[in-house]
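What follows is a single structure, written as structure tokens, with notes after it.
Numbering (the working numbering), first residue to last: 2 to 180.
Pasting the structure below:
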């Protein structure tokens, strides 16, 4: 399962044309902001549908691994590092409220543990993107539409950062969980 609807074309503006040994997948799913002065994002419908699928798949994969020792350890650590008895974010597979940072750590670990999450040329971005967006939507009391917008925007940023440098960020996908 790939994270994005892929269109093969060179990335303009990169010194190598975005090829890095060939062509790359274009991950631009957000149309120009302020093109007509509205200040609103226009997101392609295919990207919204893919975001829905990735949310369901990432949460499902995360819950599949909930009984693994490593996941239980991550959940216990999230409870330990979250100060106080009240938090704003829910721990997946546990239900306890913890800090958003602790919840993002545990959910990001869960999303990556079985290695069944999405893939692209830049890594497994959903393990960071989906937990961060879901937790932010919960904590900030945002709508489902806001959640989908955040997911698409996070994928967009992830891909652009990964493709912008001379090095690849594969292996560092959990950076997106830094709230």
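Beta carbons are placed, not taken as given, at the ideal position from N, Cα and C, and that holds for glycine. Quantities reported herein were computed from a predicted structural model and do not represent experimental measurements.
What residues are listed by DSSP as bridge partners for residue i?
i, result
"residue 124", "121"
"residue 99", "90"
Using the Cβ count rule (16 or more neighbours within 10 Å means buried), how would you classify residue i?
i, result
"residue 157", "buried"
"residue 54", "exposed"
"residue 164", "buried"
"residue 88", "buried"
"residue 155", "buried"
"residue 113", "buried"
"residue 51", "buried"
"residue 100", "buried"
"residue 47", "exposed"
"residue 82", "exposed"
"residue 111", "buried"
Provide the residue span of the alpha helix (DSSP H) that contains residue i, from first to last.
i, result
"residue 87", "Where residue 87 is concerned, there is no enclosing alpha helix (DSSP H), given that its DSSP letter is neither H nor E."
"residue 80", "70-82"
"residue 147", "145-165"
Is it the case that the region 51-63 contacts the region 129-144, given that we only count it when at least three CB pairs across the two stretches are under 8 Å? yes
At least 3 beta-carbon pairs within less than 8 Å: the region 107-127 vs the region 144-160: yes
Mind the definition here: the region 69-80 touches the region 89-108 only if three or more C-beta pairs lie below 8 Å; say whether that holds. yes
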